[in-house]
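The numbers in UniProt numbering rise by one with no breaks, and the one at position 232 of the sequence shown is 232. Note that the Cβ used here is the ideal one computed from N, Cα and C, for glycine as well. For reference, the structure is listed below as structure tokens.
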Amino acid sequence: MTAELGLLLLLAAASLALLLGCLPFIAFHGRRMPLLFWLPSLSYGVALFITLAMLTLGWCFVTDDFSVLYVAQHGNSRLPLFYKIAAIWGGHEGSMLFLLFALSLWSAALALLRRHFPLRFLARSLGVMGWLLVIFSVFILFFSNPFARLFPTLGEGRDLNPMLQDLALIFHPPLLYLGYSGFAVGFAFAVATLLEGKSGQNIARYSRPWILAAWSLLSIGILLGAWWAYSELGWGGWWFWDPVENASLLPWLTSTALLHVLALNERRGLYHQWGILLSLVTFQLCLLGTFIVRSGVLTSVHAFAVDTARGEALLALFGIVTLISLMLFALRIRGNTRAADFSLFSLETLLLAALVLLSIAAVTVLIGTLYPLIFSALGLGSLSVGASYFNLTLTPFMLLLLLLMGWAPFADWQRSRKTTRWRLAVPALLAIPGALLSSGLYQSSWQPEMIPGITLALWVLFAPLFATKIRWRSWLIHGGVAISLLGMLFASYHSVEAGSRMSAGRQVTLAGYQFTYQKTELLVGPNYTSERAHITVSQNGQPITMLLPERRHYTARETLLIEPAIASGPFADFYAVLGDSLGSGEYSVRLYHKPMASWIWGGALIMVFGGVLALWRRGRAASDIAEDK
1 MTAELGLLLL
11 LAAASLALLL
21 GCLPFIAFHG
31 RRMPLLFWLP
41 SLSYGVALFI
51 TLAMLTLGWC
61 FVTDDFSVLY
71 VAQHGNSRLP
81 LFYKIAAIWG
91 GHEGSMLFLL
101 FALSLWSAAL
111 ALLRRHFPLR
121 FLARSLGVMG
131 WLLVIFSVFI
141 LFFSNPFARL
151 FPTLGEGRDL
161 NPMLQDLALI
171 FHPPLLYLGY
181 SGFAVGFAFA
191 VATLLEGKSG
201 QNIARYSRPW
211 ILAAWSLLSI
221 GILLGAWWAY
231 SELGWGGWWF
241 WDPVENASLL
251 PWLTSTALLH
261 VLALNERRGL
271 YHQWGILLSL
281 VTFQLCLLGT
291 FIVRSGVLTS
301 VHAFAVDTAR
311 GEALLALFGI
321 VTLISLMLFA
331 LRIRGNTRAA
341 DFSLFSLETL
351 LLAALVLLSI
361 AAVTVLIGTL
371 YPLIFSALGL
381 GSLSVGASYF
391 NLTLTPFMLL
401 LLLLMGWAPF
411 ADWQRSRKTT
421 RWRLAVPALL
431 AIPGALLSSG
441 LYQSSWQPEM
451 IPGITLALWV
461 LFAPLFATKI
471 RWRSWLIHGG
481 VAISLLGMLF
491 ASYHSVEAGS
501 RMSAGRQVTL
511 AGYQFTYQKT
521 ELLVGPNYTS
531 ERAHITVSQN
541 GQPITMLLPE
551 RRHYTARETL
561 LIEPAIASGP
571 FADFYAVLGD
581 SLGSGEYSVR
591 LYHKPMASWI
601 WGGALIMVFG
611 GVLALWRRGR
621 AASDIAEDK
């Protein structure tokens, strides 16, 4: 009866969500305002029932209940416990349930912090969250039921996809879903503002901390996904411009633009229309990403099998939410009566320029992602848009954004700071020779393509040191971006690799380091067998590290999976991939030396840390919002 209990919990949650969505309308139009005080309890009730449904599904995995179809497809009795927990969101049905769970948590958090919002605004926002919960609940109940029974019952499960049996993948999808669903709060605030018919002058004060929290979670989720691609797929890269990768990048770009325009709105009362529109579009792109991933309409290493009914339902969900919200925006948005009075090099200009550049970059990624789908839908055949398109079109925008980041410390609201020339010249004088020297640091030949990016990245890092006032949180966020970019440039342009036939005692020299194959070890894991190579890395006879790449054979799925070995350092990564067995103890091995690859992850963590600090500051000041109730 466990599966039936989970289904009943979902039905109860959907019923309460429907009441949550309808109650504000009944209260406002029936003049029954006391009903609004039930909204927080309804939000908590929805979150409680969905949480219990999640725990019920988790119990099915822990107890190996293979009478549940979803558990039989993604579970196995020999699967380690933490992977059984990860299997809850390892397939389509479970991931949609987790998305619903995350959405209910944000709704409950909004109800918990209700004292910071005017009553009518809060009621409309919770009502919108209620309708979103209803839509997702109905989709799960009719098209994506994780509690469906399997008859006859299997004695053993198919096992979790071996590619998902990775620590980064345990946290990657939940963080993405928490970020996606967090943008639903900004969406609800925007819709509530439009329903009230107000100009939206105060939406930034309400939305900014929630958008910042969702942005931070999405950033960490994307970072873990990139690390998984780097450490698990065995090709030495971290971003493939895969449609599903792009699906997470799109709302990240628009939410970054949204944070900049909300700063303009909050400090100067400008461009609130952009804030409302981007709040709507960011969540719409999250829904579009869900459609791309879960419908399987685009070829991707992440996508699930094509299900026509499920794909059509997701497309309908995306279309309904998008159409209604954009129509509401067109009918109810009000113009800004405040004059935009600021100088050319003021912070207002820089923030507006960042907004435009990030929005254009998002449109560029959207076109490259959806073009193959549109091309196929028109019956023109099939094609794919490769990395060259994205690298070529997005590089100018990235360089311009770095230019703005480096200039920002010298700008102020409404005007440019009175900055002496040396304050601008010194960081530039430090950045240019640094770029010239570092572009040829790891190779004898120069890499002139790196110079613009390195120069601007170093300028972003040095510039705040010479400004009259340091904005620490902005410096951390922008500096983190610059550090990540430096890592990407060096790991891309200075990476060297070699493929070789190796056996015990064989040595390969790469980038001045000696890679020596010591032995092959046979291992038995909980649900796999493995061939593990021992490869020592040394320089001038001094051992540096040991690499242990593997070839794992997962018995339940009869799947062979390559597990690369990575030894990360502050200045370079050593990377080894154990390929096919060639007989007589010999293997095909691919070796990489990737300079400064760890800077990619370190810079991203610094960027997120800056966002968390900004969120903490917003939390301390949150009591000021309550005064406007």
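Pull up the DSSP beta-bridge partners for Y554, would you. Reading the sequence shown from its first residue, position 554 is the one you call residue 554. In DSSP, Y554 forms a bridge with Y528 and T559.
When DSSP labels each residue in this structure, what does I544 get in the three-state scheme? Position 544 of the sequence shown holds residue 544. Collapsing the DSSP output to three states places I544 in a strand.
By the 10 Å Cβ neighbour count, where 16 or more other Cβ atoms means buried, how is K519 classified, buried or exposed? Looking up residue 519 in the sequence shown gives position 519. Classification for K519: exposed.
Report yes or no: do three or more beta-carbon pairs, one from the region 244-258 and one from the region 601-611, lie closer than 8 Å? No, the region 244-258 is not in contact with the region 601-611.
According to DSSP, is F515 helix, strand or coil? Stepping through the sequence shown from its first residue, residue 515 is reached at position 515. It is a strand residue.
Under the assumption that G406 contacts L347 (Cβ atoms under 8 Å), give the Cβ distance between them as a whole number of angstroms. Translated into the one-based positions of the sequence shown, residue 406 becomes position 406. Translated into the one-based positions of the sequence shown, residue 347 becomes position 347. Under the criterion of beta carbons closer than 8 Å, G406 and L347 do not qualify as touching, at roughly 14 Å.
Under 8 Å between C-beta atoms of A431 and L458: Locating residue 431 in the sequence shown gives position 431, where the first residue counts as 1. Locating residue 458 in the sequence shown gives position 458, where the first residue counts as 1. Yes, the Cβ-Cβ distance between A431 and L458 is below 8 Å.
Taking Cβ positions, are L154 and M129 nearer each other than 8 Å? The residue you call residue 154 lines up with position 154 of the sequence shown. The residue you call residue 129 lines up with position 129 of the sequence shown. It is not a contact, given that the beta carbons lie outside the stated cut-off.
Between the CA atoms of G197 and V138 - distance to the nearest angstrom: Within the sequence shown, the letter at position 138 stands for residue 138. Within the sequence shown, the letter at position 197 stands for residue 197. About 30 Å.
Straight-line gap, D412 to L404 (C-alpha atoms, nearest Å): As a first step, residue 412 must be located in the sequence shown, where it is residue number 412. As a first step, residue 404 must be located in the sequence shown, where it is residue number 404. Straight-line Cα distance between these residues: approximately 13 Å.
For R114, three-class secondary structure by DSSP: Counting from 1 along the sequence shown, the entry for residue 114 is found at position 114. Helix.
Enclosing alpha helix (DSSP H) for Y271 [first to last residue]: Translated into the one-based positions of the sequence shown, residue 271 becomes position 271. From DSSP, Y271 is part of no alpha helix (DSSP H); its letter is neither H nor E.
By Cβ distance below 7 Å, which residues in the same chain neighbour L366 in space, the five residues on each side in sequence not counted? Taking the sequence shown and counting its residues from 1, the one referred to as residue 366 is at position 366. Hits under 7 Å: L250.
Take P549 and list the residues in its own chain whose beta-carbon comes closer than 8 Å to its own, dropping the five residues that flank it on each side. Counted from its first residue, the sequence shown places residue 549 at position 549. Cβ contact annotation for P549 (same chain, cutoff 8 Å, sequence separation greater than five): R532, A533, I535, I562, E563, P564, A565, A576, V577, L578 and V589, in chain order.
Residues bridged to E497 by DSSP? Residue numbering aside, residue 497 sits at position 497 when the sequence shown is read from its first letter. DSSP lists Y592 as partners of E497.
Starting from the Cα of R557, find the closest Cα among W38, A213 and E156 and give me that residue. Here residue 557 refers to the residue found at position 557 when the sequence shown is read from its first residue. In terms of Cα proximity to R557, the closest of W38, A213 and E156 is E156.
I'd like to confirm something about S107: is its beta-carbon nearer than 7 Å to some heavy atom of the ligand MG, or not? This structure simply doesn't include the ligand MG, nor any ligand for that matter.
Quick check on DSSP: helix, strand or coil for S248? As a first step, residue 248 must be located in the sequence shown, where it is residue number 248. Note: S248 maps to helix in three-state DSSP.
Can you find a C-beta in chain B that's less than 8 Å from the C-beta of T536? The displayed structure is made up of one protein chain only, and chain B is not part of it.
Stretch pair the region 213-226 + the region 169-182: three plus CB contacts closer than 8 Å: With three or more CB-CB distances shorter than 8 Å, the region 213-226 counts as touching the region 169-182.
Is R310 helix, strand or coil when you go by DSSP? Here residue 310 refers to the residue found at position 310 of the sequence shown. In the structure shown, R310 sits in a helix (DSSP, three-state: H, G or I).
Is F66 helix, strand or coil by DSSP? In the sequence shown, residue 66 corresponds to position 66, counting from 1. Of the three classes helix, strand and coil, the one that applies to F66 here is coil, per DSSP.
Determine the contact status of L133 and L103, defining contact as a CB-CB distance below 8 Å. Against the sequence shown, residue 133 aligns to sequence position 133. Against the sequence shown, residue 103 aligns to sequence position 103. Their beta carbons are under 8 Å apart, which means L133 touches L103 by this criterion.
Mapping DSSP to helix, strand and coil, what is L615? Position 615 of the sequence shown, counting from 1, holds the residue named residue 615. L615 sits in a helix when the DSSP states are folded into three classes.
Using alpha carbons as the reference points, say which of Q273, S207, M607 and T395 lies closest to G186. One-based indexing of the sequence shown puts residue 186 at position 186. S207 is the residue among Q273, S207, M607 and T395 whose C-alpha sits nearest the C-alpha of G186.
Using C-beta distances below 7 Å, list every residue in its chain close to V71, excluding the 5 sequence neighbours before and after it, in chain order. Counted from its first residue, the sequence shown places residue 71 at position 71. Only C60, F61, D65 and G157 meet the Cβ criterion.
Going by DSSP in three states, F142 sits in which element: helix, strand or coil? One-based indexing of the sequence shown puts residue 142 at position 142. Shown here, F142 sits in a helix according to DSSP, grouped into three states.
Expected contact under 8 Å - CB spacing of T290 and L262 to nearest Å: In the sequence shown, the residue the question calls residue 290 occupies position 290. In the sequence shown, the residue the question calls residue 262 occupies position 262. Actually they are not in contact, since the Cβ atoms of T290 and L262 sit about 24 Å apart, beyond 8 Å.
Whole-angstrom Cβ separation of F490 and V537, contact assumed at under 8 Å? Taking the first residue of the sequence shown as 1, we reach residue 490 at position 490. Taking the first residue of the sequence shown as 1, we reach residue 537 at position 537. With a Cβ gap of about 19 Å, F490 and V537 do not count as contacting.
Could you pull the DSSP bridge partners for M522 from this structure? Mapped onto the sequence shown, residue 522 falls at position 522. Reading off the sequence shown, one finds Leu at residue 522, where the question assumed Met. Under DSSP, the beta-bridge partners assigned to L522 are E531.
Determine the direct distance from the alpha carbon of A408 to that of F571, and round the result to whole angstroms. Stepping through the sequence shown from its first residue, residue 571 is reached at position 571. Stepping through the sequence shown from its first residue, residue 408 is reached at position 408. Looking at the two C-alpha atoms, the distance is approximately 29 Å.
Alpha helix (DSSP H) containing S581: first to last residue? Translated into positions along the sequence shown, residue 581 becomes position 581. Careful: S581 lies outside any alpha helix (DSSP H), inside the beta strand (DSSP E) at A572 to G583.
Are at least three pairs of beta-carbons, each pair with one atom in the region 609-617 and one in the region 268-280, less than 8 Å apart? A contact between stretches requires three or more CB pairs, one per stretch, nearer than 8 Å, and the region 609-617 fails this requirement with the region 268-280.
Please report how far the alpha carbon of S568 lies from the alpha carbon of A190, in whole angstroms. Stepping through the sequence shown from its first residue, residue 568 is reached at position 568. Stepping through the sequence shown from its first residue, residue 190 is reached at position 190. If I take the Cα positions, the gap works out to 44 Å.
Quick one: what does DSSP say Q73 is sitting in, helix, strand or coil? The residue you call residue 73 lines up with position 73 of the sequence shown. When secondary structure is reduced to three states using DSSP, Q73 falls in the helix class.
C-beta contact flag for S43 and S125 at 8 Å: Position 43 of the sequence shown, counted from the start, is the residue given in the question as residue 43. Position 125 of the sequence shown, counted from the start, is the residue given in the question as residue 125. Not a contact, by the Cβ cut-off of 8 Å.
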